[in-house]
Amino acid sequence: RALDREAKIGRAGQRCAVNITGADINLSRVSRGDWLLAQAVHAPVQKFDARVKVLQSENRPLAHWTPVHVHLGAADITGRIAVLGERRISPGHDELAQLVLDAPIGALFNDRFVLRDQSAQRTIAGGVVVDLYPPRRGRSRPDRLEMLLAMERAEARTALTAMLSATNNGVNLLHFAKTRNLTDTDVSNLRGHENNICLPSEQGEIVLSQERWHAIELTVLDALENSHKKQPEAVGPNDNGLRIALQTPPPP
46 RALDREAKIG RAGQRCAVNI TGADINLSRV SRGDWLLAQA VHAPVQKFDA RVKVLQSENR
106 PLAHWTPVHV HLGAADITGR IAVLGERRIS PGHDELAQLV LDAPIGALFN DRFVLRDQSA
166 QRTIAGGVVV DLYPPRRGRS RPDRLEMLLA MERAEARTAL TAMLSATNNG VNLLHFAKTR
226 NLTDTDVSNL RGHENNICLP SEQGEIVLSQ ERWHAIELTV LDALENSHKK QPEAVGPNDN
286 GLRIALQTPP PP
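Every number in the numbering used here is 45 more than the matching position in the sequence shown, counting from 1.
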């Protein structure tokens, strides 16, 4: 229902209600802040990268690893903030940060959230979601920060182009699409944009620019040549050796 009338579609700004039925559904499995969504975009996360701005009214900077309450939608989740680059965020300023949560949460690119202090008594900052799939390591590396700046672009095609131009070994198209809630048509259009190279992987399709693909080819060939010069009797470098030669982390 939308605005107390039967409706098949609920639109932004309307007061809506939906009747959920099913054998496995009961109130004990539904919590405040839960999302009703399609299976294709079901991707709860316990950490995400974001742009965070501290309120001008705060008396001191927001320090790295401060415990916080994260309010996103109707959810209230405790966690900690890891400030990327700088170790603190001064009042009235914004920085890239990672929110590490104590429980999974549903989020998408450009979602707004509020941060309150550990006691949940005072609002200290606000922010916007940038990436749902931060790397396991190296969250503050210069190349990672460069990638996050590219990810912040509002339009999907512009963001993907900027990400492919950044220092990396490709963009995971599945993660990119889930983060931005893109349709299959959107993804198909992005896949062939500017003759990008698409490679299959266990984690999802990897997209690279033509320039980066050719650079990787040259780097791999040089690594193989150097390996055979140093160890002519050996078969050649393994996958990890080639990854080290590329000098960039796996795709985000």
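Just so it is clear, CB atoms sit at the ideal spot from N, CA and C, and this is done for glycine as well.
When C-alpha distances from residue 216 are compared across 230, 234, 241, the shortest belongs to 241. Residue state for residue 136 is assigned as coil, using DSSP reduced to three classes. Note that the C-beta distance between residue 174 and residue 156 is below 8 Å. The alpha-carbon separation between residue 52 and residue 65 amounts to approximately 15 Å.
Assigned with DSSP and collapsed to three states, residue 112 falls in strand.
Taking one beta carbon from each stretch, the segment 231-248 and the segment 107-123 have fewer than 3 pairs nearer than 8 Å; the two do not touch. A direct Cα-to-Cα measurement between residue 91 and residue 286 gives close to 31 Å. By the neighbour-count criterion, in which a residue is buried when 16 or more other Cβ atoms sit within 10 angstroms of its Cβ, residue 140 is buried.
DSSP places residue 91 inside the beta strand (DSSP E), whose first and last residues are 90-99. In this structure, residue 177 sits near residue 93, with a CB-CB distance shorter than 8 Å. With a cut-off of 8 Å on Cβ pairs, the segment 73-85 is in contact with the segment 112-126, counting three or more such pairs.
For residue 160, the uninterrupted beta strand (DSSP E) segment begins and ends at 157-161. Residue 211 and residue 195 have their alpha carbons spaced roughly 7 Å apart. Per the coordinates, the alpha-carbon of residue 125 lies some 51 Å from the alpha-carbon of residue 278. Your pair residue 113 and residue 172 does not check out as a contact, with CB atoms roughly 10 Å apart and the cut at 8 Å. Taken in chain order, the unbroken stretches of alpha helix (DSSP H) that lie wholly in the segment 193-274 and span 4 residues or more are 201-210, 218-225, 229-236.
The continuous beta strand (DSSP E) containing residue 126 extends over residues 120-128. Annotation: residue 209 to residue 134 spans about 29 Å, alpha carbon to alpha carbon. It is roughly 47 Å from the alpha-carbon of residue 260 to the alpha-carbon of residue 168.
Scanning its chain for C-beta atoms nearer than 8 Å, with the 5 sequence neighbours on each side dropped, one finds around residue 227 the residues 201, 221, 235, in chain order. Secondary structure note for residue 70: it is in no beta strand (DSSP E), with a DSSP letter that is neither H nor E. For residue 249 and residue 255, the gap between their C-alpha atoms comes out near 19 Å.
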